[in-house]
Every structure is written in structure tokens, then in C-alpha cells.
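Residue numbers (the working numbering): 36 to 342. Quick reminder that beta carbons are idealized off the backbone N, C-alpha and C, glycines included. Quick caveat: nothing in here was measured; it's all calculated off a predicted structure.
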């Protein structure tokens with residue numbers, strides 16, 4: 036019996052062996068997880084004036100006033116920007132001349148001579164500035180007024196007035212300067228940056244003399260106490276030094292015995308004819324200068340030196 040060789044089924048035969056289409060499980064593809072679409076919120080445009088915008092606004096205002104003065108009733112934004120650019124370029128060129136003159140003269144700060152050099156660089160005499168000292172535009176329009184928002188919390192100035200009083204409060208100094216914005220806090224107390232003015236008391240000459248006499252008396256008493264202490268210290272030193280030497284010690288003991296006898300009244304008996312005054316009188320040698328004096332010994336001079 037011949038062996039039955041296995042044969043690989045064809046694709047057509049494979050499809051016939053599968054399940055019918057009605058019984059197949061259909062799976063829908065699952066899309067990848069994505070975040071929900073973002074909700075675009077409208078940006079809030081704020082008209083807050085930045086620090087760099089304020090000088091630009093002032094420059095635009097100055098250009099507008101100049102155009103109005105010469106007869107223009109309006110200008111486009113492009114024209115205003117072009118005029119501002121011209122002003123910036125002119126100011127930068129002028130200041131470069133001032134800086135060049137300052138550096139050439141080895142100075143760290145500009146002087147009027149530097150500005151004069153910059154004016155000559157543009158062929159402008161100094162007298163050309165005289166008409167600009169009185170501009171045709173009135174000051175009420177040329178000087179801007181700044182309006183700052185009021186602070187949310189006003190500082191308690193009443194407490195400062197109660198503690199310091201009107202004399203030391205710095206609010207008066209702030210109010211006297213109109214160029215300080217109202218939103219700025221008041222000055223600190225005056226004693227922090229000013230010397231408090233006090234009326235000096237006139238001294239009484241009599242009190243001054245009494246005080247000087249009292250000071251002199253105290254100084255004299257202190258000096259006497261100092262001399263007394265130093266004298267007692269010297270006596271102790273002399274007594275201590277004498278106690279070490281046997282001869283001095285013996286003389287000191289004899290002197291002490293003699294003084295004790297004198298203080299006790301046991302005086303040595305001498306000639307009874309001497310009175311009390313003669314016994315205690317001072318010994319005066321009025322002719323001491325005529326006493327015989329010792330002769331000074333002369334030195335023997337060698338013959339070699341004498342010749």
C-alpha cells in the first residue's frame with residue numbers, strides 16, 4: 036500500500052475551512068488617547084504704562100506741541116515716529132560731542148565747556164540758546180502733570196504726629212515741596228536728618244566761678260592725699276631697707292629709744308642755767324661763709340704736656 040503524501044492546502048481551500056463571515060468577531064480600531072482640545076481664552080489687554088514707555092510718551096507729547104505751534108492740526112503715527120527718530124539721532128549725536136570733549140580733557144563729568152564744544156560742532160553759537168529760555172508755548176501746557184493712582188492703604192500719619200509732635204514730624208517738609216508726588220510717603224522725623232535747634236542756656240558767671248573753685252579744691256585735696264600716700268610708702272621703704280643692715284638697725288633702735296624717752300619726759304640733765312628758749316632755740320651760723328674751706332688738691336701735670 037502506497038503511503039499517502041500530505042499536501043499543503045491552497046489559500047482557496049484554507050478560506051473554505053474558516054468560519055463564515057457572519058460568525059467572525061469584528062474589532063474597531065481604538066484611537067490613541069489625546070488630551071481634550073484647549074479652550075482659547077481671549078487675552079486681557081492692559082494699558083499699564085511701563086517705565087520705558089513714559090519717556091517715549093513725553094517725547095511724543097513734545098513733538099505734538101511743536102507741530103501744533105508751527106501750524107499743523109494733526110499727524111499720522113508714521114510721521115510722529117519719524118520725527119521721534121530724528122530727535123533721538125540728533126540728541127545722540129549732540130551727546131557724543133559732549134562726551135568726546137569731556138574724555139579729551141580727562142574729565143569724569145561734563146562741564147559747560149563740553150556743551151559749548153558740542154554746539155560749535157553743529158555750527159550753533161551760544162547766543163542761539165537765548166530765545167529758547169522763554170519758549171512761546173505757555174508753561175501750563177509745556178509742563179506735564181502726572182496723575183498717579185492713589186495708594187490702597189494710606190499710612191497712619193496721626194500716630195506719627197502724636198508720637199513726634201508737629202516740630203519733629205517730616206510731613207511739613209514733604210508738603211512744602213510741590214514736585215514730590217502725593218503717593219510718596221512722608222519724610223521721617225526731622226531728628227533723623229536735621230539737627231534739633233535748641234536755645235543755648237546763658238551761663239551765670241558766678242556759677243562758673245563757684246564751679247571752678249570747687250573743682251580746684253577737689254583737685255588740691257586729691258593731690259594732698261596722693262602726696263601723703265607716697266610719703267608713707269617712702270618711709271616704709273626706708274625702714275625696710277634699714278632693718279636689713281645690722282648697723283642701721285642698731286642706730287634706728289637707739290633713735291626710737293631716745294624719742295620714747297623724750298616723749299615720756301625723761302630728758303637728759305644738763306646745765307641747769309639754760310632756759311627753755313635757749314634749749315629749744317635754733318642754731319644759726321651767720322658766719323658760715325667765712326669758715327675755713329678745704330683746699331682743692333691740684334693735679335700734677337706731666338712735663339711733656341707742660342712743655
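Less than 8 Å divides the Cβ of residue 96 from the Cβ of residue 179.
No Cβ-Cβ contact shorter than 8 Å links residue 222 with residue 201. The residue among 266, 204 and 285 with its C-alpha nearest the C-alpha of residue 227 is 204. Around the CB of residue 163, fewer than 16 other CB atoms lie within 10 Å, so the residue is classed as exposed. At least 8 Å separates the beta-carbon of residue 105 from that of residue 119.
Between the region 236-243 and the region 255-270, the count of Cβ pairs shorter than 8 Å is below three; the stretches do not touch. Between the region 148-156 and the region 165-174, the count of Cβ pairs shorter than 8 Å is below three; the stretches do not touch. Counting the other CB atoms within 10 Å of its CB gives residue 133 a total of 16 or more, which places it among the buried residues.
DSSP places residue 122 in the uninterrupted alpha helix (DSSP H) bounded by 112-139. Boundaries of the alpha helix (DSSP H) harbouring residue 156: 147-156, taken from the DSSP string.
Taking every protein chain shown into account, the CB of residue 136 has 16 or more other CB atoms within 10 angstroms, so this residue is buried.
The three-state secondary structure of residue 254, taken from DSSP, is helix. Put simply, the backbone Cα of residue 294 is about 20 Å away from that of residue 276. Between residue 172 and residue 94, the gap from beta carbon to beta carbon reaches 8 Å or more. Setting aside the 5 residues that flank it on each side, residue 181 is surrounded in the same chain by 216, each with a C-beta closer than 8 Å to its C-beta; the list follows chain order. DSSP, reduced to helix, strand and coil, places residue 109 outside both helices and strands of the structure shown, so it counts as coil.
Restricting attention to 245, 129, 300 and 174, the CA atom closest to the CA of residue 158 is found in 129.
Here the C-alpha atom of residue 279 lies approximately 11 Å from the C-alpha atom of residue 285. Distance between residue 213 and residue 251, taken at the CA atoms: about 59 Å.
The straight-line gap separating the alpha-carbon atoms of residue 142 and residue 243 is approximately 56 Å. Taken through DSSP and simplified to helix, strand or coil, residue 300 comes out as coil. Rounded to whole angstroms, residue 177 and residue 109 show a C-alpha spacing of 18 Å. When only Cα atoms are considered, residue 115 and residue 122 end up about 11 Å apart. A direct Cα-Cα distance of roughly 46 Å separates residue 321 from residue 247. Nearest Cα to residue 270 within the set 256, 281 and 287: 287. Boundaries of the alpha helix (DSSP H) around residue 207: 206-210. Excluding the 5 residues flanking it on each side, residue 147 has no same chain C-beta neighbour closer than 6 Å.
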